[in-house]
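Okay, so the sequence shown: first residue is 552 according to the working numbering, each after it adds one. Note sheet for the following structure.
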Amino acid sequence: MKKFIAAPSVMCADLGKLESEFQALEAAGADELHFDIMDGHFVPNITLGFDFIRLARRCCSLPCTAHLMVLHPERYIERFVEAGSAVVVVHVEACRHPHRVLGQIRDAGASPGIAINPATPLTKLNHLLPEVDRVLLMTVDPGYAGQTILPIAFERVRILHENVRYHRYDLKIEVDGNVNVENAARLARFGAEIFVLGSASIFRTPGTDYTEALPAFREAVAREKTGIQQYEAPC
Ligand code: DX5
Ligand code: ZN
552 MKKFIAAPSV MCADLGKLES EFQALEAAGA DELHFDIMDG HFVPNITLGF
602 DFIRLARRCC SLPCTAHLMV LHPERYIERF VEAGSAVVVV HVEACRHPHR
652 VLGQIRDAGA SPGIAINPAT PLTKLNHLLP EVDRVLLMTV DPGYAGQTIL
702 PIAFERVRIL HENVRYHRYD LKIEVDGNVN VENAARLARF GAEIFVLGSA
752 SIFRTPGTDY TEALPAFREA VAREKTGIQQ YEAPC
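The following block contains the structure:
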């Protein structure tokens, strides 16, 4: 049975009170923290850095995922792991030699993930799937919270999941961008297991009580998912 792994997006949290945000998200049952790292070059925005992950590791025990939306990610792997990242995800579009970067992440002691933008053909991942523990499938063009999911995202998750199942790869599919209840249920139905939760869900309203909002979101997605036309027997 596929799990619903909740990964709150730290860039959408209240940055003015991060210590209590991290502790509240942990108490609410979040499975990991998602840090969107942007360099202003790979994407037209600049957000979080090493010290945000270091702070999280001081405040809670949630595993931290560093989503590197940066050029030359190979320059930063060891520093994100040293800061406390359990997972480091790099973009296939940003790696000239992706096998080498994924090996660098594993050698540094973290779990490697590969991310792919909505317009990049999934075939770019074909020779990388055996090397990763997760594929982060962007459902929006990366760079900003608050965007609307691109309709092609659902079919891309389905195709990727079919490929993973056919080859029996041991990896999870993560989705990032406009993950609301309806989108999460459809993406889960097609094979997604890790969900980046941002402004479309638990961070929609400032001051939300996550201990209520996160379990409620999980339950709403589970209900919505059972109502969706069975594309295949539940995983
Ligand atoms: C895009 C960002 C966002 C963020 C979540 O680069 O990665 O997807 O994590 O934001 P929402 O849920 O508002 O799309
Ligand atoms: Zn992300």
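The beta-carbon is built from N, C-alpha and C at its ideal position, and this holds for glycine as well. Quantities reported herein were computed from a predicted structural model and do not represent experimental measurements.
Comparing C-alpha distances from Arg716 to each of Ala704, His623, Phe741 shows the shortest one belongs to Phe741. With fewer than 16 neighbouring CB atoms inside 10 Å of its own CB, Leu566 falls in the exposed class. The count of Cβ pairs closer than 8 Å, one atom from the stretch 719–736 and one from the stretch 761–776, reaches three, so the stretches are in contact. Between Ala661 and Val639, the C-beta gap is smaller than 7 Å, which places the two residues in contact. Annotation: Ala575 to Ile710 spans about 36 Å, alpha carbon to alpha carbon. Taking 6 Å as the cut-off, the C-beta of Val641 does not count as close to any heavy atom of ligand 1. By the neighbour-count definition (other C-beta atoms within 10 Å, threshold 16), Lys723 is a buried residue. Looking from the CA of Val732, the closest CA among Arg755, Tyr720, His642 belongs to Arg755. Annotated as distal: Cys611 and Gly635, with beta-carbon spacing of 7 Å or more. With contacts defined as CB atoms closer than 7 Å, Arg630 and Phe601 qualify as a contacting pair. When Tyr761, Arg626, Phe705, Val691 are compared, the shortest CA-CA separation from Asp590 is found for Arg626.
Distance from the CA of Gly728 to the CA of Leu701, rounded to the nearest whole angstrom, comes to 9 Å.
Residue range 761–777 is occupied by the alpha helix (DSSP H) that includes Thr777. Pairing Ala696 with Gly749 gives a Cβ-Cβ distance under 7 Å. Annotation for Phe705: Arg737, Leu738, Phe741 place their beta carbon closer than 7 Å to its own, counting only its chain and skipping 5 residues before and after.
Secondary structure remark: continuous beta strand (DSSP E) runs of at least 3 residues inside the stretch 649–685, in chain order: 662–667. Chain order is used for the residues whose beta-carbon lies nearer than 5 Å to a heavy atom of ligand 2, namely Asp587, His618, Asp727. For the 7 Å CB-CB criterion, Asn596 and Gly664 do not form a contact. In this structure, the beta-carbon distance from Ile588 to Ala617 falls below 7 Å. Counted as a single uninterrupted DSSP element, the beta strand (DSSP E) harbouring Asp727 occupies residues 723–727. Across the structure, Ile703 and Leu613 are spaced so that their CA atoms are roughly 32 Å apart.
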